[in-house]
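Taking our numbering, the leading residue of the sequence shown gets 208, the next gets one more, and so forth. Ideal placement from N, C-alpha and C gives every residue a C-beta, glycine not left out.
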Amino acid sequence: TAQSLGVIAEANNPNLAVLYDFYHMQIMEGDLALTVKENLASIKHIQIADNPFRHEPGTGEINYDFLLPYLDEIGYEGWVGCEYGPSGDTVDTLGWASEWL
């Protein structure tokens, strides 16, 4: 996170922002909620997948039941993209998203 924020600061371009990948950042840094909150102004896109195995939210260690409502609480207004391989049939594994669509 720090490296990407440094590049953005150096570029000083309002069109440059962070795509924050929950899957990778859980592996590299952890403490996703705090990092997003502290860097909210620079994060314009969040990519989600659970960890390990990169399946849909609810299949691993990332607490999406906390994180997704938390994004609303802290005023996140950017995009959230889903980049994961379903753990089963695609339609059968979309139930997690019904609350957020």
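- Within the stretch 238-270, the runs of alpha helix (DSSP H) at least 4 residues long that lie entirely inside it are, in chain order, 239-245.
- Remark: C-beta atoms of A224 and K251 approach each other more closely than 8 Å.
- Per DSSP, the continuous beta strand (DSSP E) segment holding Y227 begins and ends at V225 to D228.
- For L308, the closest alpha carbon among the candidates D296, G295 and C289 is that of C289.
- Scanning Y283, Q254 and G295 for the CA closest to the CA of I269 turns up Q254.
- Excluding five sequence positions before and after T266, the CB atoms of its chain that fall closer than 6 Å to its own CB belong to D257 and S294, given in chain order.
- Boundaries of the beta strand (DSSP E) harbouring V287: W286 to C289, taken from the DSSP string.
- Between N246 and L212, the gap from beta carbon to beta carbon is short of 8 Å.
- Here the C-alpha atom of S249 lies approximately 18 Å from the C-alpha atom of G237.
- Counting along the chain, the unbroken alpha helix (DSSP H) around L212 starts and ends at A209 to A218.
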